[in-house]
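Student:
Protein chains: 2
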Amino acid sequence: MTAAPAISPTGSRVGGFPVVGMVGGGQLARMTAPAAAALGVGLRVLSDSAHASAARVVADLVVGDERGLADVRRFAAGCDVVTFDHEHVPGEILQALEADGHVLRPGAGALAYAQDKLAMRRRLSAAGLPCPAWRAPASAADLPDSGTALGWPLVLKTSRGGYDGRGVWTVTAADDPAGGQPFRAGVPVLAEERVDFARELSAVVARSPHGQAVAYPVVESVQRDGICVEVVAPAPGLSDALAESAQRLALQVAAELDVVGLLAVELFETTGGGLLVNELAMRPHNSGHWSIDGAVTSQFENHLRAVLDLPLGSPRSRATWTVMANVLGIDLAETYPAYRHVLARDPALKLQWYGKAVHPGRKLGHVTAYGADLDDVRARVRNAAAYLAGAIDE
Amino acid sequence: MTAAPAISPTGSRVGGFPVVGMVGGGQLARMTAPAAAALGVGLRVLSDSAHASAARVVADLVVGDERGLADVRRFAAGCDVVTFDHEHVPGEILQALEADGHVLRPGAGALAYAQDKLAMRRRLSAAGLPCPAWRAPASAADLPDSGTALGWPLVLKTSRGGYDGRGVWTVTAADDPAGGQPFRAGVPVLAEERVDFARELSAVVARSPHGQAVAYPVVESVQRDGICVEVVAPAPGLSDALAESAQRLALQVAAELDVVGLLAVELFETTGGGLLVNELAMRPHNSGHWSIDGAVTSQFENHLRAVLDLPLGSPRSRATWTVMANVLGIDLAETYPAYRHVLARDPALKLQWYGKAVHPGRKLGHVTAYGADLDDVRARVRNAAAYLAGAIDE
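Protein chains in written order, with this note's numbering: chain Y, 1 to 394; chain V, 395 to 788.
1) DSSP puts residue 230 of chain Y in a beta bridge; with which residues?
2) What is the rounded straight-line gap between the Cα of residue 337 of chain Y and the Cα of residue 432 of chain V?
3) Which residues mark the beginning and the end of the alpha helix (DSSP H) in which residue 426 of chain V is found?
4) Report all residues from its chain with a CB closer than 7 Å to the CB of residue 750 of chain V; omit the five preceding and five following residues, and keep chain order.
5) Is the separation between the beta-carbon of residue 290 of chain Y and that of residue 371 of chain Y shorter than 8 Å?
6) State buried or exposed for residue 217 of chain Y, treating a residue as buried only when at least 16 other CB atoms are found within 10 Å of its CB.
7) So with Cβ pairs under 8 Å, would you call residue 340 of chain Y a contact of chain V?
8) So with CB distances below 8 Å, who are the chain Y contacts of residue 708 of chain V?
9) Once you ignore the five residues that flank residue 395 of chain Y on each side, which residues in its own chain have a CB closer than 6 Å to its CB?
10) List, in chain order, every chain A residue whose beta-carbon is nearer than 7 Å to that of residue 746 of chain V.
11) Determine, using beta-carbon pairs with one atom in the stretch 594-610 of chain V and one in the stretch 736-747 of chain V, whether at least three such pairs fall under 8 Å.
12) What's the call for residue 618 of chain V, buried or exposed, on a 16-neighbour Cβ count within 10 Å?
13) For the stretch 761-786 of chain V, which residues have a beta carbon sitting closer than 7 Å to at least one beta carbon of chain Y?
14) Hey, how far is the Cα of residue 713 of chain V from the Cα of residue 69 of chain Y?
15) As a quick exercise: from V:416, V:708 and V:633, pick the residue whose alpha carbon is nearest that of residue 468 of chain V.
16) Check the Cβ of residue 499 of chain V against every Cβ in chain Y and list those closer than 7 Å, keeping chain order.
17) Please name the residue in Y:242, Y:295 and Y:257 whose C-alpha comes closest to that of residue 276 of chain Y.
18) Quick one: Cα of residue 704 of chain V to Cα of residue 613 of chain V, how far?
19) The beta strand (DSSP E) spanning residue 436 of chain Y covers which residue range?
20) Please list the partners that residue 344 of chain Y has in chain V, where partner means a Cβ-to-Cβ separation under 8 Å.
21) Is the beta carbon of residue 381 of chain Y closer than 8 Å to that of residue 368 of chain Y?
22) Just the chain V side, please: which residues come within less than 7 Å of residue 17 of chain Y by C-beta, in chain order?
23) Using the Cα positions of residue 390 of chain Y and residue 366 of chain Y, report the straight-line distance between them to the nearest angstrom.
24) Could you name the residues of chain Y that residue 601 of chain V contacts, counting a contact when the two beta carbons are closer than 8 Å?
25) For residue 427 of chain V, which residues in the same chain have their Cβ closer than 7 Å to its Cβ, ignoring the five residues on either side in sequence?
26) With 8 Å set as the bound, which would you pick, yes or no: does the beta-carbon of residue 451 of chain V sit closer than that to a beta-carbon of chain Y?
27) By the DSSP assignment, the beta strand (DSSP E) with residue 366 of chain Y in it spans what residues?
28) Can you find a CB in chain V that lies within less than 8 Å of the CB of residue 34 of chain Y?
29) Can a CB atom of chain V be found closer than 8 Å to the CB of residue 296 of chain Y?
30) How far does the beta strand (DSSP E) with residue 416 of chain V in it extend, from its first residue to its last?
31) For residue 301 of chain Y, report the span of its alpha helix (DSSP H) as first-last.
32) Going by the beta-carbon positions, is the gap between residue 226 of chain Y and residue 168 of chain Y smaller than 8 Å?
33) When you compare each of V:475, V:663 and V:692 to residue 524 of chain V by their alpha carbons, which one comes out closest?
34) Name the one or two DSSP bridge partners that residue 352 of chain Y has.
35) Assign residue 539 of chain V to one of two classes, buried (16 or more other C-beta atoms within 10 Å of its C-beta) or exposed (fewer than that).
Shown next as structure tokens:
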């Protein structure tokens with residue numbers, strides 16, 4: 001493990017408390033802000049727009065190009081540690097910042113594996129960690145060989161730039177015309193077996209520079225069209241043994257890649273009862289949003305504690321069941337009246353609204369409920385999310 | 395009850411969500427910011443300093459004189475509703491804003507009773523609500539009569555401007571030289587009997603313009619030198635009947651004074667098992683801070699929901715016991731190392747740090763713990779608060 005540079009808070013801060021810089025002005029930075037305020041640490045956000053989700057709620061905002069070295073340097077100059085609400089900062093910029101002496105958490109070396117799915121597969125496979133079978137076809141001409149090795153259909157992914165189901169294709173046969181599409185992006189392509197999975201799980205852990213780590217309860221993540229729509233904590237019916245395996249696997253990945261901060265390991269639970277690593281994210285993650293209301297310490301607070309090398313908080317659940325549902329936008333005009341209705345209907349519902357303009361399919365916010373009866377809790381969040389999205393109430 | 399003006403969100407906001415303006419940049423506004431972000435409503439803060447507690451964490455900050463009409467008008471122009479993190483805005487300014495057509499919640503009429511203890515005593519006594527026996531001595535020459543009526547010692551309070559034990563004197567006899575001091579402030583003086591109380595309680599309620607109200611569990615508030623140091627939710631050993639009486643009393647006060655938003659009613663539980671109203675605050679209150687971690691809906695969120703006429707959230711406790719302790723500052727240099735120690739010692743401890751420069755006796759933040767065993771929970775917060783304040787760990 002790489003030795004982590006020590007943080008030296010400057011004397012200019014109140015009580016000597018440090019400043020965390022977060023690159024990216026999305027909802028993850030927005031939800032980090034309350035955790036920073038509670039901890040009393042500074043939070044500076046770099047956003048490409050003053051109207052982005054986090055830009056609307058943070059005091060120390062730098063508007064600039066997240067992919068431009070000059071802007072990122074100007075931003076980082078005021079920070080004790082720099083972290084990220086997405087994976088889109090180019091590797092050259094990350095390396096330049098580290099060469100400048102800035103403390104990146106996670107570091108450029110770790111982030112490379114969150115940015116490049118092919119590099120991630122190579123590294124995890126080499127470390128003996130369970131992944132779907134995969135190949136690296138150089139062009140569409142290699143697909144028949146990939147299909148022979150992995151079976152049809154194949155899942156093709158651009159190694160960089162995909163999220164929420166973008167950059168993923170399912171190819172049914174060697175002559176499927178979809179097979180040529182991934183190669184047009186001009187980045188390497190990863191071919192994977194299509195895993196016969198029972199469901200998707202997510203194991204979220206936080207890890208400190210000095211190696212302290214905590215593991216959140218393993219959750220079930222329900223996807224629709226490649227987008228997470230619902231998370232149930234803990235994953236219903238998951239055996240203690242498999243839950244522990246998933247947590248241990250996530251901790252191994254974190255240690256192997258020297259991740260500092262949050263790491264979300266998205267997993268397939270196979271029909272045979274095994275686990276395979278699907279995707280990684282080295283930041284607070286949609287599958288951890290339940291922790292704001294459902295855990296002793298939210299993933300956002302533990303991300304900050306980890307990147308600041310502060311002792312980590314308890315990741316324990318506070319309720320028997322916590323369910324989170326994303327609200328995907330449909331109809332702008334109906335939002336505020338629908339929101340009033342939803343608050344009136346369920347006084348114990350918790351809401352996080354991201355302050356974004358509505359586009360169809362865009363994540364506008366999420367709702368969370370908790371309690372002792374899973375069916376009841378799930379019905380409450382599904383109802384609220386559907387109503388907020390403009391669908392008819394059940 | 396006065397009819398409340400309707401809120402008309404402007405079209406310029408994301409999704410038509412309204413903007414709440416809060417006058418005052420202290421820790422109450424700071425802790426309101428996360429609730430506003432979660433609800434997706436705008437929060438604009440008027441603060442007399444860009445370095446105040448809330449000023450450090452809100453995006454929409456107006457720096458200006460909270461007691462100057464021009465500045466307050468400039469601030470209010472961007473808000474759908476104006477509320478307060480303290481009681482110090484002069485009544486003339488409140489009335490001028492209402493005359494301009496601004497929506498103040500609570501309104502100027504209600505706030506007058508939070509600003510003037512003598513007016514509050516007169517109004518509550520006239521409404522038959524239980525208060526300590528009181529008189530309104532015009533000068534020190536009236537003190538012997540007050541003492542005869544109320545018994546010695548007397549408690550004298552300036553009707554305006556006091557908080558955290560300031561503006562309060564105990565006068566032991568007619569010839570006690572302290573008796574002259576309150577009259578030097580040039581504001582009316584309230585004389586009260588010194589109540590023989592068993593302990594202090596606080597009943598916090600939220601009330602909407604249309605009259606919906608919720609009552610938080612009644613808490614015990616432990617004071618030292620007139621400053622709240624610890625709050626236990628719910629108040630240990632309080633009978634259901636007395637708890638219900640306290641909640642009903644607070645709801646009556648809220649309705650009687652037409653309070654909109656949070657109302658904290660500080661109560662004496664007398665040695666005879668009765669309740670007397672001590673003080674009122676029409677805003678989130680120190681005795682409600684436990685609700686951030688301990689209740690389904692925090693007092694800050696319910697204050698926003700109330701002033702926006704949104705349906706109120708459940709005030710239910712999440713744990714058997716929740717205890718909050720204030721951290722009163724002693725030693726600046728020791729704060730950050732002490733803080734690391736405290737986080738390491740108790741991973742389930744919750745902390746709210748106010749981002750203020752340290753002065754002896756100033757509230758720097760608070761710590762909260764919850765659980766099933768009151769002695770354990772109380773020991774955890776006392777230990778943490780003492781350590782953070784620079785005292786020796788027990």
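Yeah, the Cβ is synthetic: ideal placement off N, Cα and C, and Gly gets one too.
Computed from a predicted model, the values in this text were never measured in an experiment.
Tutor: Quick answer:
1) DSSP lists Y:222 and Y:325 as partners of residue 230 of chain Y.
2) Their backbone Cα atoms lie some 17 Å apart in a straight line.
3) In the DSSP annotation of this structure, the continuous segment of the alpha helix (DSSP H) that includes residue 426 of chain V starts and ends at 421-433.
4) 447, 756 and 758.
5) At least 8 Å separates the beta-carbon of residue 290 of chain Y from that of residue 371 of chain Y.
6) With 16 or more Cβ atoms within 10 Å of its Cβ, residue 217 of chain Y is classed as buried.
7) Cβ-Cβ to chain V under 8 Å: yes for residue 340 of chain Y.
8) Going along chain Y in sequence order, the residues near residue 708 of chain V (Cβ under 8 Å) are 347 and 348.
9) This structure cannot settle anything about residue 395 of chain Y, because the visible part of chain Y is limited to 1 through 394.
10) Of the protein chains in the structure, Y and V, none is chain A.
11) Contact between the stretch 594-610 of chain V and the stretch 736-747 of chain V is absent, because fewer than three Cβ pairs lie under 8 Å.
12) With a threshold of 16 other beta carbon atoms within 10 Å, residue 618 of chain V falls short and is exposed.
13) Listed by position, the residues of the stretch 761-786 of chain V near chain Y (Cβ gap below 7 Å) amount to none.
14) Looking at the two C-alpha atoms, the distance is approximately 48 Å.
15) Looking at the Cα atoms, V:416 is the closest of the given residues.
16) Close to residue 499 of chain V, with beta-carbon spacing below 7 Å, lies no residue of chain Y; the smallest spacing is near 17 Å.
17) The shortest CA-to-CA distance from residue 276 of chain Y to any of Y:242, Y:295 and Y:257 is the one to Y:242.
18) Cα to Cα, residue 704 of chain V sits roughly 25 Å from residue 613 of chain V.
19) The structure shown has nothing for residue 436 of chain Y, since chain Y only spans 1 to 394.
20) What residue 344 of chain Y touches in chain V: 705.
21) A contact, by the Cβ cut-off of 8 Å.
22) For residue 17 of chain Y, the C-beta contacts it makes with chain V under 7 Å involve 730, in order along the chain.
23) Residue 390 of chain Y and residue 366 of chain Y have their C-alpha atoms roughly 14 Å apart.
24) Residues of chain Y passing the Cβ test: none, with the nearest at roughly 15 Å.
25) Correct list, in chain order: 437, 448, 451 and 452.
26) It does: the Cβ of residue 451 of chain V has a partner Cβ on chain Y nearer than 8 Å.
27) Unbroken beta strand (DSSP E) run through residue 366 of chain Y: 363-371.
28) Yes, contact with chain V.
29) True, the Cβ-Cβ gap to chain V drops below 8 Å.
30) Unbroken beta strand (DSSP E) run through residue 416 of chain V: 413-417.
31) Its alpha helix (DSSP H) spans residues 299-307.
32) Their beta carbons are under 8 Å apart, which means residue 226 of chain Y touches residue 168 of chain Y by this criterion.
33) The candidate whose alpha carbon is nearest that of residue 524 of chain V is V:663.
34) DSSP, once it has assigned bridges, lists Y:366 as partnering residue 352 of chain Y.
35) Exposed, because fewer than 16 other Cβ atoms sit within 10 Å of the Cβ of residue 539 of chain V.
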